[in-house]
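A short write-up of the structure that comes next.
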Amino acid sequence: MTAAFLYGGAGILLFALGLWSLLVHEPLLRKLIALNIMGAGVFHVFIAVAHRGDGTPPDPVPHALVLTGIVVAVSATALALALHNRLEQDASDSAQSTSTSTAGLLSGLSISPQSDIIRHE
Amino acid sequence: MNRDLSLLIGILVALLAVLLLGVFHSTLALDPGQRLASLALERLPESGVSNPVTAVLLNYRAYDTLLELAVLLAALLGIWSLGPARPGFQPAGPALAAMVDWVVPLAILTGGYLLWVGGHAPGGAFQAGALLGAAGVILRLAGNAGAGLPSEAWQRWLIVLGAGVFSLIGLLLALTGYGFLSYPPGQAKWLILLIETAATIAIGVTLAAAYVGGRPQMAQPPRSPLAPMADPEAKR
Amino acid sequence: MTTDSLILPIALPLLGALLTTALPRIAPLLGVIAATLTALSGLWLTGQVWGGDALNIVLGGWGLPLGIGVAADGLSASLLAMSSLVGLGISVYAVGYFAGSDRGLHFWPLWLLLWTALNGVFLAADLFNLYVMLELLGLSAAALGALTGSREAVAANLRYLLVGLLGSMSYLLGVALIYTAYGTLDISLLSERIEPSALAATSVVLMTAGLALKAALFPLHFWLPPAHANAPAPVSAALSALVVKAAFYLILRLWTDLFANITTTGAAFILGALGAGAILWGSWRALRAERLKLLAAYSTVAQIGYLFLFFPLLQAMPPGPARDDLFAACVLMAVTHGFAKAGFFLAAGLVQKNAGHDRIDELGGAAQSMPATTFSIALAGSALIGLPPSGSFIAKWVMMRGAFETGQWWWLIVIVTGTLLAAAYIFRVLSRAFGQEPTPRCFVTDARAEIPALLLALSSVALLGLAAGPIWSLLGFEGVQT
Amino acid sequence: MTPWLLLLAWVWPLLLAWPAAFQAGRWPSALRGNRVPGAGWRWILPMLGPLPALVAVLTLSLGTRLELPWLFLGTSLELDATAQVYLLFTAILWLAAGIYAAFTFRGTPNVGRFHAVFLLTMAGNLWLIVGQDLFSFYAGFAIMGLAAYGLVVHDGSPLALRAGKVYLVMALLGEVSLFAALVMIAQQTGTTEPSAEDLAQLTGLPIALALVGLGVKAGLVPLHLWLPLAHPAAPVPASAVLSGAMIKVAILGWLRFLPVGAIALPDWGGLLAAGGVLTLFYALPIGLVQSDPKVILAYSSVSKMGLLMLCLGLVLMEPGLAPVGIAAISLYAAQHGLAKGGLFLGVGLRKQAPGQPGFIQPLVLGGLMILALALAGAPFTSGAVAKYQLKPVLAGAEWPWVAAAVSVATLGTTLLMARFIWVVSLRTKRHPQPGLLWPGIAWSLLLALVILFPFALGKPASWLSDWLSISLGIGFAGLIAIGAWRNPAWLSPVVGLIPAGDLLVLARPIGRLAIGLWQRLWRPINALQNRMSQSASSRFERVFKQSDADQEDALRRWPIAGGLWIGIIAMLLLALFAQSSGSSLSAASTESDDQPSRPGLEFQSPPAPSL
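Residue numbers (the working numbering), protein chains in the order written: chain A, 1 to 121; chain B, 1001 to 1236; chain C, 2001 to 2482; chain D, 3001 to 3611.
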């Protein structure tokens, strides 16, 4: 009971923390991490609920729900990153068309498409 | 960011969290809880697998898992719709290349093992698929622009493999009178293994393709005028 | 097999999506075939619900607490019928719209996945399954919305995706709390067990708030206008006509079915007040919109508001024929808006294609060169205003009567103001069609694209208005008590 | 004959609107290859539209009823006494206008659009006459009112577009008030087909809303603004039905949905009668100074509607008058409708008919004179008969001065008609068009009907009613005419003194004046307000850093949207906890204790939605 509350309560705190970060922080990557933290919080609650009694085996259903939820969260994160990547690409393209020097500077820093996002933050 | 506003939101969120904690606590306190657990474990022998989580994922609640594969597919299709993939990274140095030669087969092997073990212990299609995907990621990081994936046509067939096999088996079962995704007694084990194998491949390919981050290039990618800046090779 | 047919409206578009993914060369052909089959299966299911009682099935053969239930009652069937007909219209239109364009390649699988999720939401009877369906819906919708690839579209749909994720998380936390207390996820089992408690109240609030984000209830509609206005026309139609309805449907289901004994008049009043805000603000913004598709998107915000206005009325009305009328009118309103808005967006897309832009003030020539499309806009517009004999006219009639009967006359002012504003923005568009421009050579200039829009708009006015009775019988009610 | 004719009467034109819209005017249809302008059969559709209605009214017996429970949540169509009169004159008028519209628009650009809108308007007009329930009346009313927008703005000129805008705003206001009134009537009487007795229990609000809602259509001053603009702007056949048939439905609506004859409503009746008197006298002088014949006719319509409203108001005050009054009002509406329709069509003929055989234009002018006399109520015309029928109402009224006032108004009407004849005989700009033979014949039939009216219906005593004021008026008009003939400049300062759309035009300077006054009076307060709002907005901007012009940009910012979202969650939680507190705020459910451990496979049917 206490263990379940501690785990579940931690999940709720994670949810709240993620929510706050999502709303307050502007960069997209932080928002995405925040959303994933919120998701992790909800999954915590599910897992905490699964193991309740002493000695009885844990409930497999919430475990399976969490697995499903993780895959869904991964998919959503991937799509969001791709959309953001596209925005960045557009921005750098238009920047280059107006001023090649700036674009060259940007591209010099750029190692990979993925790192674009991180650098932007 | 405005400090006052974030503080205000922080207070609101904190209040919400306190309320949720209170509600959660009172619920736990009053309810010792008879879950689906006993039922799920009781019917485990009929489910065709001995790992209860796999039983839930691929038998009791197989419908959710089918849709989850569809979600994964939707994400990849969305990524593909945004345009062609960017060129990859520079080829790996000798040390990394040697490591990749070891790690990738190992990851594929481990994936196979996880797939098999999922029937009676923690493991299963998603874990295995994730490892396959990771192998693809490693390949791309080491300079293989396509992450070791086959041509676009093949990729298209592979990414629909999981959901395709899953839903076809479901419909076939419905047609033969067992009901959608209701495995006939005794056949559950093999059907689940079949579905899991297909799903593993599909998940692995989908994850790797998502990491590539765009529509696969047909052959040699046409070098767009903007490409050189993203291509470290051109700089040397 | 009759109960197994429940799965067809979900399985068929899914198979279609897989095939169009695997065989991109013949995607339009496969897509139309899959769309036709999906629509037929949806209509067949609706017919079965009409003929008999509610249908349900538990997948996997494990019975209820363990398996996942799929069920169709009158409410699901009405919306399923809407998604079938509107979806078919959008599909036929898309063939012409995307002809010769690379985007069609990406459109078909994503659109069929979206349709899968839509039908899945309408038929689901399991709270967690609903979460997965909502995510599939949100992901495919955001991907489709960004299909034009313009910067605005991508940015707006990225925002839409994040908002949808936030909504899903909130919904999922509500589900987790429910599972904590009741140990089951099936809606029918839960609705027997749930009693008023702090936990139930918290869950319903979390789930409603999450879904309200997805349903674009004022003031949480901020993501909708840019996302819907910048998408390709068939996608805008699907998003505005169908996708927001899924979230609304779920709120309606939760409030009137699962949590019926938990909701209170005060909470329903809040939803109604937000709906009123949506009507006034959405209509006003639609009136001020410079672009036709932006106008349509804001009009969606307003129409969603009307749907939420039903909550305080339903909550205050004691069970009986009068409440049945209100409920049926709510469904009728949602379905009518589905048809009308789909027709409007499809027609707007044609105008945009023809003129090269959709700035309302410069549309005179384009509108007059396409009489059939202008006529579609007029028909759809009259359904959006709520003119007779459209379905929304009857819905507004019942709504206003309900407002009097429950003593909530103040909604009347909102409805009247909203109707006048709607008339203003629709006629602002229509007056462009009456000018002294040269006339076109024939009524229908591009049959493949114009006919679906025309038929959708026409059914919102004629079909749903003149014969609203079937909605009542589909929902199992006796007919309007006048 | 079958009662289904009642359904066909309005569904038929509705169906015809579809092929009419596809009609190729100048443009050939894509399916049939190239075609010469105006070819095809579709141009005849407008005149086929009213035929079933005409057949219905001529063959069906009084009281024929058709129930359509499947339509529109339950509809009933019936030919009662009032509906019979209305259907007869409306169908005749639409037929005449339809013939006119078919021949004159044949092959013109946008003919499909005009004919489709014409048929839609016709369908709405006929539907609301035969429909007995609130739904049908409102549906027909709204279809008619909004489709008529297309008629008003048809020629697309800036003038027509302005008239259309004014028309639309007023019509929508009227329709929304009427809608609210009808909903309230349904709710208060508990039926959608209320009898006069049911209506007796109405409260004031629905009555007021019905008076306003239909008052717009009837041209009740000051809700008449659209009328003198829209009627002249519309093409000739459209103004004929607008003025002849469509504005009359307001009276029909009041007869149906006000407790006429069941209960005395001294206040509302008095208000309506007073409004009628105002309308009656207000429109006459303004009409007299107009120079466009169609505008003069429009003001005459306003004035005549005032007379009808006066009579209806008197009947509302004195329920005993109802049996006589309702018949007389319907009859008068019919007479005025036919005469006014004929006048408008005649103006069109005067402008468009060929003058080649020398006798045609004099014939048109002669016909117009007869119609004008009939409208004024001259002896031996239908106008005299109709006016005679109204006598008992005026005599039995509580207000003794009413009869005298009406006589004065008759004098005014005579002058107005004289002015009309003067304008139409001297100042008409002519644009002859071919193909006006059949419209001319249709018009002469209408004319014959108006002439024969008194001899078919009235007693000989009625043929001479009001001869005194009419002859006074004619004499007066003659004097003025002679004066104007001698000195053409004599009347010029008066003519055009008040433009069409009177109040609307005056509203602008008055509005400017009011704004000026407001600014002068409230300058100090305004300044204070400005300072306050400026500081508030700058503070607001400091908080939200809003700079974009887009009003929703602030809302789109995550912290603000998220804050609102959490606020909504908090409000919902408060609302739920506030009402459920005490009972079980802290007590979570213990229901799952007794959850039976079900073996599972048995199937649990979900309960039906708890609605």
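Beta carbons: idealized from backbone N, C-alpha and C, even for Gly.
Review point. Where does B:Leu1007 land, buried or exposed, given buried means 16+ other C-beta within 10 angstroms?
Key: exposed
Review point. Going along chain A, which residues have a C-beta under 8 Å from B:Gly1010?
Key: What B:Gly1010 touches in chain A: Trp20 and Val24.
Practice item. Take the Cβ of B:Asn1059 as the centre, count every other Cβ of all protein chains shown within 10 Å, and call the residue buried at 16 or more, exposed below. Key: buried
Point to revise | As assigned by DSSP and simplified to three states, the class of D:Ile3482 | key: helix
Review point. For a contact meaning CB atoms closer than 9 Å, what does B:Ser1006 contact in chain D?
Key: Pro3559
Practice item. Could you check if D:Gln3301 is buried or exposed, using at least 16 other CB atoms within 10 Å of its CB as the buried criterion? Key: The sequence as given places Ser at residue 3301 of chain D; Gln does not occur at that position. With 16 or more Cβ atoms within 10 Å of its Cβ, D:Ser3301 is classed as buried.
Check your understanding: Excluding sequence positions up to five away, which residues of its chain have a Cβ less than 6 Å from the Cβ of B:Phe1166?
Key -> Leu1066 and Ile1195
Practice item. Please state whether DSSP places C:Pro2319 in a helix, a strand or coil. Key: coil
Exercise for review: Would you identify the three-state DSSP class for D:Phe3544, choosing helix, strand or coil?
Suggested key: Note that D:Phe3544 has pLDDT 42, beneath the 50 cutoff, so the model's placement of it is unreliable and no number is given.
Review point. What are the partner residues of C:Ile2057, as DSSP defines its beta bridges?
Key: C:Val2070
Exercise for review: Below 8 Å on the Cβ atoms is my guess for C:Thr2184 versus C:Leu2177; work out the distance and round it to an integer in Å.
Suggested key: Between C:Leu2177 and C:Thr2184 the Cβ distance is about 13 Å, and since that is not below 8 Å, they are no contact.
Practice item. Could you work out which residues of chain C lie near A:Ser75, taking near to mean beta carbons separated by less than 8 Å? Key: Glu2135 and Leu2139
Practice item. Give the residues of chain C in contact with A:Leu17, contact being defined as C-beta atoms less than 8 Å apart. Key: Per Cβ cutoff of 8 Å: no residues; A:Leu17 is ~13 Å from chain C at best.
Review point. Nearest CA to the CA of D:Gln3433: which residue from D:Gly3275, D:Gly3348, D:Pro3454 and D:Pro3362?
Key: D:Gly3348
Check your understanding: Contact check, B:Ala1014 vs A:Ala3 under 8 Å by CB: the rounded distance?
Key -> The pair is not a contact, with the Cβ atoms about 24 Å apart (cut-off 8 Å).
**Study point:** Host alpha helix (DSSP H) of D:Ser3407 (start-end)
**Key:** Note, D:Ser3407: alpha helix (DSSP H), Val3402 to Leu3426.
Exercise for review: Return the Cβ separation of D:Ile3286 and D:Leu3308 in integer angstroms, given the expectation that the two are a contact with Cβ distance under 8 Å.
Suggested key: With 8 Å as the limit, D:Ile3286 and D:Leu3308 do not qualify as a contact, their Cβ atoms being about 19 Å apart.
Check your understanding: So, do the region 2413-2426 of chain C and the region 2274-2282 of chain C have three or more beta carbon pairs nearer to each other than 8 Å?
Key -> yes
Exercise for review: Return the CA-CA distance between C:Leu2421 and C:Trp2284, expressed in angstroms with no decimal places.
Suggested key: 7 Å
**Study point:** Neighbourhood of D:Leu3159 by C-beta, 7 Å cutoff - its chain only, sequence neighbours within 5 removed
**Key:** Ala3233
Exercise for review: Using only alpha-carbon positions, find the residue among C:Thr2021, C:Leu2066, C:Ala2273 and C:Trp2115 that is nearest to B:Arg1043.
Suggested key: C:Leu2066
Check your understanding: For the putative contact between C:Ala2348 and C:Ala2296, defined by C-beta atoms under 8 Å, what is the C-beta separation to the nearest angstrom?
Key -> 6 Å
Check your understanding: Quick check: the region 2080-2091 of chain C against the region 2239-2248 of chain C, are there 3 or more CB pairs under 8 Å?
Key -> Contact between the region 2080-2091 of chain C and the region 2239-2248 of chain C is present: three or more C-beta pairs spanning the two stretches fall below 8 Å.
Review point. Does the count of Cβ pairs from the region 2099-2112 of chain C and the region 2030-2038 of chain C closer than 8 Å reach three?
Key: Judged by Cβ distances under 8 Å, the region 2099-2112 of chain C makes contact with the region 2030-2038 of chain C, as three or more pairs qualify.
Exercise for review: Over the uninterrupted beta strand (DSSP E) stretch that includes D:Ser3076, give me the two end residues.
Suggested key: Where D:Ser3076 is concerned, the enclosing beta strand (DSSP E) stretches over Thr3075 to Glu3078.
Check your understanding: C:Glu2362 by DSSP, collapsed to three states: which one?
Key -> Residue state, collapsed to three classes: helix.
Point to revise | For C:Thr2336, the nearest candidate out of C:Leu2130, C:Gly2386, C:Val2121 and C:Leu2166 (CA to CA) | key: C:Gly2386
Review point. Considering only C-alpha positions, which residue in the set B:Pro1185, B:Pro1045 and B:Ala1142 is nearest to B:Trp1102?
Key: B:Ala1142
Check your understanding: Mind checking C:Phe2427: buried by the 16 CB within 10 Å criterion, or exposed?
Key -> buried
Practice item. Decide if the region 2195-2207 of chain C is in contact with the region 2221-2230 of chain C; the criterion is three or more beta carbon pairs, one per stretch, under 8 Å apart. Key: no
Check your understanding: When you compare each of C:Ser2188, C:Ala2246, C:Asp2325 and C:Val2301 to C:Ala2260 by their alpha carbons, which one comes out closest?
Key -> C:Ser2188
Point to revise | Coarse secondary structure for D:Glu3634, derived from DSSP in three states | key: Outside the shown range of chain D, which is 3001 to 3611, sits residue 3634 of chain D, and nothing can be said about it.
**Study point:** Strand pairing of B:Pro1084, partner residues [DSSP]
**Key:** DSSP lists B:Arg1215 as partners of B:Pro1084.
Review point. On the premise that D:Leu3134 lies in contact with D:Thr3192, defined as a C-beta separation below 8 Å, what is that separation, rounded to the nearest angstrom?
Key: 5 Å
Review point. Looking at the C-beta of B:Asn1144, does it have a partner C-beta in chain C at a distance below 8 Å?
Key: Using beta-carbon distances, B:Asn1144 does not count as an interface residue toward chain C, since no partner is under 8 Å.
Review point. Nearest to D:Ala3017 by alpha carbon, out of D:Ala3123, D:Ala3101 and D:Ala3081?
Key: D:Ala3123
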